[in-house]
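First up is the structure itself, then whatever we jot down about it.
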Amino acid sequence: MEKVSVIGLGDMGAALARALIQEGYDVTVWNRSPERAAPFRAEGHKVADTAQAAIEASPVSVICIGTHSDTKALLETMPDAVVGRTFIELSTGDGPSATALDERVSALGGRCLVGMILAGPGQIGDASTCFLVAGDPTDWAAQEGILRTMAPASDYIGENVAHLADLFSALFLPRQGAMFGMIFGAHFCEVAGVPLDIYVKQLPAAMRVATDIYAPTVAQTIPSGDFSGSGSPLKVYETAFRDGFSAFRDRGANMALSDLFEELIAKGMSAGYSDEHLTSLIKVLRAGRTDA
Numbered sequence: 001m002e003k004v005s006v007i008g009l010g011d012m013g014a015a016l017a018r019a020l021i022q023e024g025y026d027v028t029v030w031n032r033s034p035e036r037a038a039p040f041r042a043e044g045h046k047v048a049d050t051a052q053a054a055i056e057a058s059p060v061s062v063i064c065i066g067t068h069s070d071t072k073a074l075l076e077t078m079p080d081a082v083v084g085r086t087f088i089e090l091s092t093g094d095g096p097s098a099t100a101l102d103e104r105v106s107a108l109g110g111r112c113l114v115g116m117i118l119a120g121p122g123q124i125g126d127a128s129t130c131f132l133v134a135g136d137p138t139d140w141a142a143q144e145g146i147l148r149t150m151a152p153a154s155d156y157i158g159e160n161v162a163h164l165a166d167l168f169s170a171l172f173l174p175r176q177g178a179m180f181g182m183i184f185g186a187h188f189c190e191v192a193g194v195p196l197d198i199y200v201k202q203l204p205a206a207m208r209v210a211t212d213i214y215a216p217t218v219a220q221t222i223p224s225g226d227f228s229g230s231g232s233p234l235k236v237y238e239t240a241f242r243d244g245f246s247a248f249r250d251r252g253a254n255m256a257l258s259d260l261f262e263e264l265i266a267k268g269m270s271a272g273y274s275d276e277h278l279t280s281l282i283k284v285l286r287a288g289r290t291d292a
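Using UniProt numbering, the first residue of the sequence shown is number 1, and each one after it goes up by one.
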């Protein structure tokens, strides 16, 4: 059995450990608070008394504690244990702290992959669960089996570990943007007197448009810079927003979100993008960069 250690047994760390145990890995666990490790000990699994003992028990350690800085500080207390070992870092943190950790592990003679968990503890091991992983491609190839045990849909994004935090922020916008849109949609229904049970019943179908149509459109247009050929160009959205939302403005609804959309569309129209895809608004955002 392949040996793996898991450092950190919060809800997520415990889920990671159990996914590995279930698939037959020889797992050693450790947690700063011993009571979090007690269930594993009671079930007969290996529980180390110290973090160093856990790390020394396996060639690969999965770390899920507080932040990248916490992981760096922990490993610096045991430099000899880092030598020759691989660390799959699944704690949180920004780009500079991920880079600092990666560089420090390398300087100590270890290997490091940094991952971003796109799931909750209850989804660990599910077929659709994804970790985004960065680091040396040879390390990804060597540890892909462990990573896909915990998150079968995991994806390798490249060598630059700092990109993970930036990518998380970029992906946070469409995820939470959808939630804000649903909240404002509920507000519009309340203003108009539309029963909310009818509204929420239609949300899944509305959200499928985002995944089935909008996401492919973004993929086809923004990277290539080709915004031509839209069946619903920017000028159609201008009319739809104006006609669709004017009644809510007249009723006194909070228009903060829809006003943002309309403002961007107006800037795109003024810039001459009326016959292009809605995604041409990326050019409006680029023009407004403060570092340009």
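Beta carbons: idealized from backbone N, C-alpha and C, even for Gly.
- In the DSSP assignment, residue 5 falls within the unbroken beta strand (DSSP E) covering 3 to 7.
- Here DSSP, grouped into helix, strand and coil, assigns residue 111 to strand.
- Comparing C-alpha distances from residue 113 to each of 120, 12, 156, 184 shows the shortest one belongs to 156.
- In the structure shown, residue 47 adopts extended strand secondary structure according to DSSP, grouped into three states.
- From the listed residues 22, 17, 99, the smallest Cα separation to residue 36 is found for 17.
- Taking all protein chains in view, the Cβ of residue 190 is surrounded by fewer than 16 other Cβ atoms within 10 Å, so the residue is classified as exposed.
- With contacts defined as CB atoms closer than 9 Å, residue 7 and residue 61 qualify as a contacting pair.
- Of the candidates 146, 85, 268, the residue whose Cα lies closest to the Cα of residue 236 is 268.
- Sequence-distant partners of residue 241 (beyond 5 residues in either direction) whose C-beta falls short of 8 Å from its own C-beta, in its chain, are 258, 261, 262, 265.
- Fully enclosed alpha helix (DSSP H) runs of no fewer than 4 residues occupy 11 to 22, 34 to 42, 51 to 56 of the stretch 7 to 67, in order along the chain.
- Beyond the five residues adjoining it in sequence on each side, residue 11 comes within less than 7 Å, by CB distance, of 121 in the same chain, given in chain order.
- In this structure, residue 132 places its C-beta atom within 9 Å of the C-beta atom of residue 164.
- Each of 214, 220, 224, 181 was checked against the Cα of residue 203, and the nearest Cα belongs to 181.
- In the three-state reduction of the DSSP assignment, residue 133 falls in the strand class, which pools E and B.
- By the Cβ test, the stretch 45 to 61 is in contact with the stretch 17 to 30, since at least three Cβ pairs between them sit closer than 8 Å.
- With respect to the C-alpha of residue 53, the residue from 77, 64, 66, 43 having the closest C-alpha is 77.
- Nearest C-alpha to residue 152 among 252, 176, 124: 124.
- The way I'd put it, the stretch 138 to 148 doesn't touch the stretch 95 to 110; fewer than three beta-carbon pairs between them come closer than 8 Å.
- When only Cα atoms are considered, residue 67 and residue 21 end up about 24 Å apart.
- Here the alpha carbons of residue 19 and residue 39 stand approximately 15 Å from one another.
- At a cut-off of 3 residues, not a single continuous stretch assigned as beta strand (DSSP E) sits fully inside the stretch 170 to 200.
- Residues of the same chain with a CB within less than 6 Å of the CB of residue 81, apart from the 5 flanking positions on each side, are 52, 55, 56 in chain order.
- The three-state reading of DSSP puts residue 269 in helix, counting H, G and I together.
- By the neighbour-count criterion, in which a residue is buried when 16 or more other Cβ atoms sit within 10 angstroms of its Cβ, residue 111 is buried.
- Leaving aside the five residues that flank residue 218 on each side, the residues in its chain whose CB is nearer than 7 Å to its CB run, in chain order, 279.
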